[in-house]
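The structure appears below as structure tokens.
Protein chains: 8
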Amino acid sequence: MAWTVYLSGEIHTDWREKIEQGASQRGLDIHFTSPVTDHAASDAAGDLLEPVSEGYWRDHKSSGVNAMRTRNLIGRCDFAVIRFGDKYRQWNAAFDAGMCAALGKPYVTLHDAALIHPLKEVDQAAQAWAQTPEQVVDILAYVIG
Amino acid sequence: MAWTVYLSGEIHTDWREKIEQGASQRGLDIHFTSPVTDHAASDAAGDLLEPVSEGYWRDHKSSGVNAMRTRNLIGRCDFAVIRFGDKYRQWNAAFDAGMCAALGKPYVTLHDAALIHPLKEVDQAAQAWAQTPEQVVDILAYVIG
Amino acid sequence: MAWTVYLSGEIHTDWREKIEQGASQRGLDIHFTSPVTDHAASDAAGDLLEPVSEGYWRDHKSSGVNAMRTRNLIGRCDFAVIRFGDKYRQWNAAFDAGMCAALGKPYVTLHDAALIHPLKEVDQAAQAWAQTPEQVVDILAYVIG
Amino acid sequence: MAWTVYLSGEIHTDWREKIEQGASQRGLDIHFTSPVTDHAASDAAGDLLEPVSEGYWRDHKSSGVNAMRTRNLIGRCDFAVIRFGDKYRQWNAAFDAGMCAALGKPYVTLHDAALIHPLKEVDQAAQAWAQTPEQVVDILAYVIG
Amino acid sequence: MAWTVYLSGEIHTDWREKIEQGASQRGLDIHFTSPVTDHAASDAAGDLLEPVSEGYWRDHKSSGVNAMRTRNLIGRCDFAVIRFGDKYRQWNAAFDAGMCAALGKPYVTLHDAALIHPLKEVDQAAQAWAQTPEQVVDILAYVIG
Amino acid sequence: MAWTVYLSGEIHTDWREKIEQGASQRGLDIHFTSPVTDHAASDAAGDLLEPVSEGYWRDHKSSGVNAMRTRNLIGRCDFAVIRFGDKYRQWNAAFDAGMCAALGKPYVTLHDAALIHPLKEVDQAAQAWAQTPEQVVDILAYVIG
Amino acid sequence: MAWTVYLSGEIHTDWREKIEQGASQRGLDIHFTSPVTDHAASDAAGDLLEPVSEGYWRDHKSSGVNAMRTRNLIGRCDFAVIRFGDKYRQWNAAFDAGMCAALGKPYVTLHDAALIHPLKEVDQAAQAWAQTPEQVVDILAYVIG
Amino acid sequence: MAWTVYLSGEIHTDWREKIEQGASQRGLDIHFTSPVTDHAASDAAGDLLEPVSEGYWRDHKSSGVNAMRTRNLIGRCDFAVIRFGDKYRQWNAAFDAGMCAALGKPYVTLHDAALIHPLKEVDQAAQAWAQTPEQVVDILAYVIG
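Chains as they are written, first to last, in our numbering: chain S, 1 to 145; chain E, 146 to 290; chain A, 291 to 435; chain H, 436 to 580; chain Z, 581 to 725; chain Y, 726 to 870; chain W, 871 to 1015; chain V, 1016 to 1160.
Structure representation (structure tokens):
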């Protein structure tokens, strides 16, 4: 039985690669999906479309294009892993978590203990909280094993 | 025709009061709902239940109780207004926005221009972005007028 | 038993008034709802919000505000009446019809015989096609009688 | 990961072919679907069924048959592209857009700048607005890339 | 707590009146709803609309108008009672039962023992089978009591 | 693109075989599904389970087992064809049609002109009415072509 | 704002009365609903209907009637409280919890610490676990306050 | 046509193996899925995650992880078989049944006659009640045959 896992959130560390490698090493039948993780490309996703815009509307246009991908992949996943790093506001990750909760998609959060209190609502709706990619792989191995 | 508007997010300024007063002064037939906005009470919402817990589990227990209120009010509202202040991470506000988006509940964001870029995904799924409570009242007056 | 009927479409003739008066004269217990029908106000619905915009983005901003009203009223109605006049493209009326069809909201179309062929997909998904406001009132009186 | 994209709207120019060729040249794993694009065949879709009818009922009968295809393909697509040409009323395209919006299917509109104002409600609910088939291919390549 | 009960099916005997009177005598807080039960009026429900039609299309037009009422009332009821008499094919009653089953609306069937075998699929999806209006009233009194 | 078509209704003539053969001859990529069409086996579907029962409960038990199949196949089909013969009450076919209508599954009815009036509600919610298996095959060929 | 709370589970102690009295004393605007709590009446709910049955079918018939009430009240509640006592198997209470979880209805469990381990799946999907009716009232007062 | 059947409930006897072997011997095209059936592993499913916890929170953490698997498999199955043994409280099995009922997933219960009365609500919502794995295989063979 094949499984699809969406990896949402932080794009500045290699947590996705660690999870994908760990899953691969253990032979898990998982197809991982992600948003576009190239920050500059993501910010420019709508630049090829008119009207040429700066600021709010540039962000709006690119976010519309990115949402085509992210909502589709959330809708098609069996689970999500939602990662919060220690920098930036990462509201898009919390937004994805809220979508998962409303759609009944189970998700695991991945973050340091320092973020427990500000993430309490996001963690409460999660199935599990992990602190390392290795723990995520262990959980996935157990869950689909 | 009565309308119900859920006011999500920041609890450290008086934006809710300003919106409620503005709506009242203009005679709008709106019932406003909110999460519990007393920070200490919200953090302690589950303290009366066992097991007595600290840290992660205390937050988890309180968040479970608070979610009974917040998800119910989101489910029963016609619109939401989602406020992001300039302090704190406010992931719960972005989480509420994600739930609204998935449930098809229209929402307006309320935040300063300084937050445009980090909130671009949340704003893209919104019906409108306002910077002041007065703008929110103007929009509500137009929408339900 | 009270009924709510949404009146979508053309804003340049008095068809809404005729239906509302006809229903009132026959004592039908119907609450009618509508989009904002003041054309200039509707086009300017987002003008009070930044960024100040022209062209595409002005339309986008105003449409976002107007959709808060229209989707909400479509979601809360028991039926819709969707009117196509003989001028303008009126794609918003066909868009509303598509939303009604997908949401399972029964609707009646109201248009002249000259529009039968271009409206065939919209009419096929409708419960009935009427040519005059009087016919609509007759249908409503029968349906809720 | 395979993707399915529904191409709705105008049937008098070769925009579908351009998108399909562009996607093929870039090796995108997309299955494109469409309504029946032979105008005469589409109008006659129900002619083999009784009662033999002209005018309204002929259109009604054929539209019922065509809707078997179009609603099914909309329901099974990951995204839609909805094209408005500069001729005809094309209410069926706006109707499809409304269905997509209500079903949560992301869509891109494809039309000239001259149609911005009359299509503002349809564009507001879209994820992006493109003016050329090449832009659509670029967006698809980015989104599924 | 008020309850709404839809009374579907046979229109040639006084079973609706018996249930309504029985419920009234026992002081049950039930609002009963029904299709239009005047057979001739129901067959003519669309006659005021063009195209003037006979046979299949007349039936189609009237059924479209009647369905505005019946589907709405099914959607708004808490329960349905679905009556099968000993005459006529009454496929509309079985159709209503199928809609109730798919929508999760609990229903009671009301028919003679002679119809057990042909109604086995309809009865299996029902919450109860009654043979007399008095039994239906007893069940309603118990259920909402 | 593969399609699944559920063939509901009459089990005493060879209409299913005719449709399957016609589709096969035209090379249509359709997987046909059906209820169990062996009348005696269907009536006995629950006989192996206790309590050993006659009459109402035997029918109830067998219908429960049969519904496992029929509802599942209706839920998984792209379209249904619903056949009414000239004998028997065939309430299960009308029940299936009601389920399809509520679930948004497009269906075609297949019956003689003599049944137009009693089937008017079932036909109104259908996408098309056919009188012969050959017409059904023609429609399917057009729709998926 | 009025709230509706469904009280599911154990019928042999006075926990419902304690919650209702506590809520009343604190002036909470809550309408409480419950299954029929008279055990003998509940077991006999279908006895007035034929076929007269014993054992499995008697239970089946009565459960069908009771489910008309319970599923309706679960569907209409804002929250549920689900009580497990120290006697009997109470599978119906766990069944109600599963329905609530699938429907997105928040619920609180009410049971002694001795039942923590066997109820772990039911508690995990709950918003809170309480051990006394007084705690439930406190939680309700906080949540709707 | 492939089928997926979820086997929920008791983990202390070999009923799953018997069903899987029986289905295999008869060549049924069924993919069986199950919760993790190693009791100790299931209780420890969350032990690798912090906070290290005992009692209620340990159970809560492990149940969260297990629910990722169970709800996903329930959501993806065509049918469920829900087994109640003669020991333990097995509230999780009844909870799964409630989820199936709310989601419209047909299920068969598997239990001894001694449990008829306490399981009457669970059985009433089931499509069938079997007492032996052999009966389940017979039913599956019939249903998908």
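Glycine is no exception: its CB is placed at the ideal position from the N, C-alpha and C atoms.
Kindly indicate the opening and closing residues of the beta strand (DSSP E) around residue i.
i         : result
Z/Ile610  : Ile610 to Thr613
E/Val197  : E/Val197 -> no beta strand (DSSP E), and no H or E assigned at all.
A/Ile301  : That residue, A/Ile301, is in no beta strand (DSSP E); it is neither H nor E in DSSP.
V/Val1123 : Tyr1122 to Leu1125
H/Ile551  : Looking at the DSSP string, H/Ile551 is not in any beta strand (DSSP E), and its letter there is neither H nor E.
Y/Ala853  : Ala853 to Ala855
For a contact defined as C-beta to C-beta under 7 Å, what are the partners of residue i on chain B?
i        : result
W/Val935 : The structure shown has no chain B; the protein chains it does contain are S, E, A, H, Z, Y, W and V.
Shorter than 7 Å from the beta carbon of residue i to some beta carbon of chain W?
i         : result
V/Leu1064 : no
Do you know whose CA, among the options, lies nearest residue i's CA?
i         : options                                   : result
E/Val282  : E/Ile219, E/Val197 and E/Gln170           : E/Gln170
Z/Ala621  : Z/Ala706, Z/Val645 and Z/Gly684           : Z/Val645
V/Asn1107 : V/Val1051, V/His1046 and V/Trp1030        : V/Val1051
Z/Val688  : Z/Thr712, Z/Ser633, Z/Asp594 and Z/Ala647 : Z/Thr712
A/His302  : A/Tyr296, A/Ser352 and A/Lys377           : A/Lys377
Z/Asp594  : Z/Glu630, Z/Ala682, Z/Phe675 and Z/Ser614 : Z/Ser614
A/Asp386  : A/Leu318, A/Gly365 and A/Gly375           : A/Gly365
H/Tyr577  : S/Arg16, S/Ala45 and S/Lys18              : S/Ala45
Z/Met581  : W/Leu989, W/Leu943, W/Ala950 and W/Asp929 : W/Leu943
S/His111  : S/Phe79, S/Pro51, S/Ala102 and S/Ala128   : S/Ala128
A/Asp333  : A/Ala357, A/Cys390 and A/Ile434           : A/Ala357
W/Gln1005 : E/Leu193, E/Ile164 and E/Asp204           : E/Leu193
Y/Pro776  : V/Ala1128, V/Ile1154 and V/Val1137        : V/Ala1128
Give the interface partners of residue i over in chain V, defined as CB-CB distance under 9 Å, in chain order.
i        : result
W/Pro988 : Tyr1103, Arg1104, Gln1105, Trp1106 and Asn1107
Using a cut-off of 8 Å between C-beta atoms, extract the partners of residue i located in chain A.
i        : result
H/His495 : Lys410, Asp413 and Gln414
I want to verify the contact list: residues of chain S whose CB lies under 9 Å from the CB of residue i, in sequence order.
i         : result
V/Thr1048 : Met1
Is the Cβ of residue i closer than 7 Å to any Cβ of chain H?
i        : result
Y/Pro831 : yes
A/Tyr296 : no
S/Arg26  : no
Contact criterion: CB-CB distance below 7 Å. Does residue i meet it with respect to chain A?
i        : result
Z/Ala682 : no
Z/Ala603 : no
Please list, in chain order, the chain Y residues whose beta carbon lies closer than 8 Å to that of residue i.
i        : result
Z/Gly679 : Sequence check: residue 679 of chain Z is Met here, not Gly. Correct list: Gly823, Met824, Ala826 and Ala827.
Beta-carbon of residue i versus every beta-carbon of chain V: anything under 7 Å?
i        : result
W/Phe949 : no
Can you find a CB in chain Y that lies within less than 7 Å of the CB of residue i?
i        : result
W/Trp927 : yes
Between residue i and residue j, which are expected to be in contact by the criterion C-beta below 8 Å, what is the C-beta distance as a whole number of angstroms?
i        : j        : result
S/Ser8   : S/Arg83  : 7 Å
A/His321 : A/Thr294 : 5 Å
H/Ala515 : H/Lys540 : 6 Å
Please report the residue range of the alpha helix (DSSP H) in which residue i lies.
i        : result
H/Val557 : Lys555 to Gln559
E/Leu248 : Trp236 to Leu248
A/Ala330 : His329 to Asp333
H/Ala576 : Pro568 to Ile579
Taking C-beta pairs closer than 7 Å, name the residues in chain Y that residue i reaches, listed in chain order.
i        : result
H/Arg506 : Pro831
Residues of chain W with a CB under 7 Å from the CB of residue i: which are they?
i        : result
E/Ala190 : Tyr1012
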